[in-house]
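4 protein chains.
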Amino acid sequence: MSLTGIIPPVVTPLTADGDVDVASLERLVGFLLDGGVSGLFALGSSGEVAYLTDQQRDQILDVIVRTAAGQVPVIAGAIETTTNRVIERGHAAVKAGADALVATAPFYVRTHPTEIDRHFRAVRAAVDLPLLAYDVPVAVQVKLDPAQIVELARDGVLAGLKDSSGDDVSFRRIVLGTRDIPGFSALTGHEVVVDAVMLAGADGAVPGLGNVDPHGYARLAAACTGGNWVAARTEQDRLADLFTIVDVAPVATASRSAAGIGAFKTALMVRGVIATNMVSAPMRTLDETETDRIAAVLRRTGL
Amino acid sequence: MSLTGIIPPVVTPLTADGDVDVASLERLVGFLLDGGVSGLFALGSSGEVAYLTDQQRDQILDVIVRTAAGQVPVIAGAIETTTNRVIERGHAAVKAGADALVATAPFYVRTHPTEIDRHFRAVRAAVDLPLLAYDVPVAVQVKLDPAQIVELARDGVLAGLKDSSGDDVSFRRIVLGTRDIPGFSALTGHEVVVDAVMLAGADGAVPGLGNVDPHGYARLAAACTGGNWVAARTEQDRLADLFTIVDVAPVATASRSAAGIGAFKTALMVRGVIATNMVSAPMRTLDETETDRIAAVLRRTGL
Amino acid sequence: MSLTGIIPPVVTPLTADGDVDVASLERLVGFLLDGGVSGLFALGSSGEVAYLTDQQRDQILDVIVRTAAGQVPVIAGAIETTTNRVIERGHAAVKAGADALVATAPFYVRTHPTEIDRHFRAVRAAVDLPLLAYDVPVAVQVKLDPAQIVELARDGVLAGLKDSSGDDVSFRRIVLGTRDIPGFSALTGHEVVVDAVMLAGADGAVPGLGNVDPHGYARLAAACTGGNWVAARTEQDRLADLFTIVDVAPVATASRSAAGIGAFKTALMVRGVIATNMVSAPMRTLDETETDRIAAVLRRTGL
Amino acid sequence: MSLTGIIPPVVTPLTADGDVDVASLERLVGFLLDGGVSGLFALGSSGEVAYLTDQQRDQILDVIVRTAAGQVPVIAGAIETTTNRVIERGHAAVKAGADALVATAPFYVRTHPTEIDRHFRAVRAAVDLPLLAYDVPVAVQVKLDPAQIVELARDGVLAGLKDSSGDDVSFRRIVLGTRDIPGFSALTGHEVVVDAVMLAGADGAVPGLGNVDPHGYARLAAACTGGNWVAARTEQDRLADLFTIVDVAPVATASRSAAGIGAFKTALMVRGVIATNMVSAPMRTLDETETDRIAAVLRRTGL
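Chains as they are written, first to last, in our numbering: chain A, 147 to 449; chain B, 147 to 449; chain C, 147 to 449; chain D, 147 to 449.
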């Protein structure tokens, strides 16, 4: 399996009571598949993984794997503080039938390069799934070292990288350092520069905004793959405009997590894909005024 | 219940296989009680809470509550990323018989003051235990706002604070702002300045180093309470010297978590309280040379 | 010369046109001397050193040295990005007749422990004044290493430390590591915990708030020196209440520099010591409403 | 004047005594002009501006302006802590005949969005030169807000941006928000992703590495401008390999500033353009072994 193209981090529809809205999640997976995505990232940051109980995580992964039904690979986040806890979630992913695992560096604790090395090696040894490193310093406080990523790729520990570090230099080095490793996937999490990062050698993208407009991202990826860079840029510029929905909820009243995930869910509600725009506690759900403003952006960008 | 005096964050002895070493944990609790501590903080950062599976957490809390047998209160960490996950651990703490709960601000996610407010209120409403806020920006990336702590205290949401922020100004404001609230406990996590912080109005301390020398910390707290500030300082200066054990493992090869927790465990092994100095993956355990150096510090400081 | 007691960082009174208000500065120095301070810190952060041109800096230092007239030592900030620029300001300090120099680690640039070592040694070698290190990570992004401070003290490079790091552990280590070095001064910049830090072994304090109430700080230092810790705490608690003036200007409209320096100047204007509360561009000056609120705090705290 | 293409931040050759090496600087400017650069950025971070005295800054700008002799525009850094100090340097730039000014947000001080707004407006009002904002959070601790940059551009305050923030999302927003403003220049400082950023809409680049291989960067920019994205990527990949010279000096013994600037200077010395690879105090100069390793990279990349 080699992961390329658009692999959105699937958001988690909730009912008004805060339970997983299974029917909406099934519709969302269908919508994404119809949009032409190449894979599904379950239990990522946009999927509210850090807000969900283990029981909810199991339920969600089960629905996604079952609904995807083998049409595209499902990669599962095992987002936990340290090694043994990640391995526990890895075993749950195996049991649910996921195709690959995604793990970050340890967090909450103060960690060390040697620990990060042992961490990924131990997770890979314990869980029989291809492993992708998730580089997300804004969440875990540490930036993965590109030389270490390349070494772990070369040793067969890592099958890929999801880069949400915003560090172009690092990403370019990893791309250059791994291009002779068959099947290694370098994926970017930055949804407004997919054209640029694919020019720089990325294999694909994991755009949270891909939930809202999978068709647009699929066109973008196809343009990149086909070498139509000007067309790619035009599509990307439209999607960058669409991405302004994440700024609708103001900094004064919403965390950036609530504003972003809330915007994706609100847009999907407006588009008729999911039933509510509820987000998990302690985030607040976007209100009617904000919903109207998001609907206006959807119209402006042709959705 | 008002929490005062020395409430060490109990370390978690492990067997060579990485399991919880129940016999060593029982001995450790006995050692701490004998040392004169006023309470026990189970499942804190020094207790490796972020490295433990939920099953291990349940087991450890059960052993500590059972061994303490009501002689001193047991406060339990519910260290999880967000509200619903903290509440799950809170229910486990109730079931195990803990006397109070400790929770941080949300982490991994990007949070917001309004979310922190809702977070503590929701946890308190859902879990029938006194709630202490744990201010630990080094782990969760956000510093709790002293005005917010005071307001939550005044509203009966918070029964106390464990401050590991290193922000003296903030702590002083909380002490001044809560001194008319009966039973509110302002505790410091900074083990080398307990004398100073108690002069400034702290009710007590949660010193990781208190695992190693509970008798010394109990003398220190008693000197502070008795107004013998010069005696307190002398004891604190000795304990500050003892605290240099956390620097034995070098920065080049060990995380600060591994160096600190590893030093406490190694010292307890040298003192004959616990059987091994094993720490959880992906940390490394301190080696023989490091053990010898720690033993030398113990001798130098009279232990 | 050994620096002990209260050494306020003298604020810089400005005219409505933004020039140095020499008459107000002379009155302020007189007020501080009358208040019983043991020294004057010219051209520190509270003195707006980073906002002043070199010509203004020279003028201010000249006024302070001349007005102090040898009654207390004047220590001069040489706050510049790197070694050669610090040395230039050091030579200006020598020329003006300052008694000691204060320098930070390099800033704006990315620095390194070996560079910090060379930096302080080069400054000391080039400027014939006792040198104090200023540990201010909030401004320069790097925390000075306590072991390095102790080594530089032992080598005769550093005659003291002004600690604004908020790191109690580090400060305690420096105090313990230098107490056998004659004349080394460990000064704290944290004005609300002077009692606690002096209990922990500080030689004195550099409180920005000491501009506003030098008499109070002098009483506080005397109580500490005399071992009257309860009296010290009572005075400190009053001063901590006075310190709330720095929160009058809201976070939404003022930087923390503008809110803090602006509050000190406004309080001095209300007390009749200086003529205006003007601050340097691009900060904004506190308005009438804010001035009224600060006046109320002054009344509440007996000034 | 509209700034496009390659505008390298000119490094500052030094003599063995640490003085400005005028002959080397003249040769370097000639080498860059021969290489096909479109402009010269004097007194930038790579030019060691933060290490230079004002007298050296004046001398350097004078040499660069005189040697460029109007063939390409010279933009001058006015890198100072706050408004009045920036304005002083701005006046020096006018006097020296620079064509534009570059300024950062205030640093060392804690600043605020409203202050950043006033800062750029005041500098532009006081200095009669087009003004570019320099977004460099690693140096000044604050990330410029893209909406604010767009507003300042629209108000005629800013004529351009030099982006060294590494924040792709922000940069894309600024590009999209300013593309209807004639003459506004969006320049990237990230030398290993120039192809990607120009695809995303950048007008040009300010690559430190452009000192070492101006011809390569000129080819890269021409390929981008001509829409030859695959050729651009190939050239960029070679330059990304060349950029590994900045890792030759190890983290254990050199700051990232010393390793980067030192590598550029060493490569220019090896290429025969400048006489020494001396860097300013307190940085250390790269040694012979490091020089040999850099020479090997130059050979490997065809220089």
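Where a beta carbon is used, it is the ideal one built from N, C-alpha and C, also for glycine.
Counting only Cβ-Cβ distances below 8 Å, Y280 (chain C) has no contacts in chain D at all, with the closest Cβ about 11 Å away. When secondary structure is reduced to three states using DSSP, P155 (chain D) falls in the strand class. Contact check between the stretch 328–343 of chain B and the stretch 310–317 of chain B: three or more CB pairs, one atom from each, fall below 8 Å, which counts as touching. Using a Cβ-Cβ cut-off of 7 Å, V195 (chain A) is close to nothing in chain D; its nearest Cβ partner there is about 22 Å away. Cβ-Cβ separation between F317 (chain D) and A285 (chain D): approximately 17 Å, too far for a contact (criterion under 8 Å). A residue is called buried once 16 or more other Cβ atoms fall within 10 Å of its Cβ, and P328 (chain D), having fewer, is exposed.
Judged by DSSP in its simplified three-state form, T371 (chain B) adopts helix. Residue contact with chain C for S401 (chain D): present (Cβ-Cβ distance below 8 Å to some residue of chain C). The contact set of L307 (chain B) on chain C, defined by CB atoms closer than 9 Å, is empty, because the minimum CB distance reaches about 16 Å. In this model, V156 (chain C) and G176 (chain C) are separated by some 11 Å (Cα to Cα).
In the displayed model, A305 (chain C) falls within coil according to three-state DSSP, outside both helix and strand. In its chain, beyond the 5 residues on either side, G362 have a beta carbon closer than 6 Å to the beta carbon of L385 (chain A). In terms of Cα proximity to L278 (chain D), the closest of D:G236, D:R319, D:T257, D:A242 is D:G236. With contacts defined as CB atoms closer than 8 Å, V269 (chain C) and V232 (chain C) qualify as a contacting pair. For the C-beta of R300 (chain D), not a single chain C residue is nearer than 8 Å; the gap to the nearest is close to 20 Å. As DSSP reads the structure, D245 (chain D) sits in no beta bridge.
Using a CB distance cut-off of 8 Å, G373 (chain B) counts as an interface residue toward chain C.
By the C-beta density criterion, D245 (chain C) is buried, having at least 16 other C-beta atoms within 10 angstroms. Annotation: Cβ neighbours of H336 (chain A) in chain D (cutoff 8 Å, chain order): D314, V315.
Considering only A:Y197, A:L178, A:R365, the residue with the shortest C-alpha distance to Q217 (chain A) is A:L178.
Between I391 (chain D) and R439 (chain D), the alpha-carbon positions lie close to 8 Å from each other.
Beta-bridge annotation (DSSP): Y280 (chain B) is paired with B:K308. For the stretch 241–275 of chain A, the set of positions with a beta-carbon nearer than 7 Å to some beta-carbon of chain B reads P252, F253, Y254, V255, R256, T257, H258, T260, E261, R264, H265, A268 in chain order. In the three-state reduction of the DSSP assignment, G354 (chain A) falls in the helix class, which pools H, G and I.
Close to chain B, meaning a Cβ-Cβ distance shorter than 7 Å, is no residue of the stretch 218–234 of chain C at all. Under DSSP, V220 (chain D) forms a beta bridge with D:L186.
Per the DSSP secondary-structure output, T334 (chain D) pairs in a beta bridge with D:D309, D:A351. In this structure, T158 (chain B) lies away from S331 (chain B), with their beta-carbon atoms at least 8 Å apart.
Taking 3 residues as the shortest admissible run, the stretch 369–449 of chain C contains no complete beta strand (DSSP E) segment at all.
Exclusion of the five residues before and after I221 (chain B) leaves L149, I153, G185, L186, F187, A188, A244, D245, A246, L247, V248, L278 as the residues of its chain whose Cβ lies within less than 8 Å of its Cβ. Under the 8 Å criterion on CB atoms, L186 (chain A) is classed as non-interfacial with respect to chain D. Residues G347 of the same chain have their beta carbon placed closer than 8 Å to that of R325 (chain D), with the five preceding and five following residues left out of the count. Listed as beta-bridge partners of L160 (chain C) by DSSP are C:V166. In the three-state reduction of the DSSP assignment, T250 (chain D) falls in the strand class. Between the alpha carbons of D204 (chain B) and L322 (chain C) lies a gap of roughly 41 Å. When secondary structure is reduced to three states using DSSP, E226 (chain D) falls in the coil class, being assigned neither helix nor strand.
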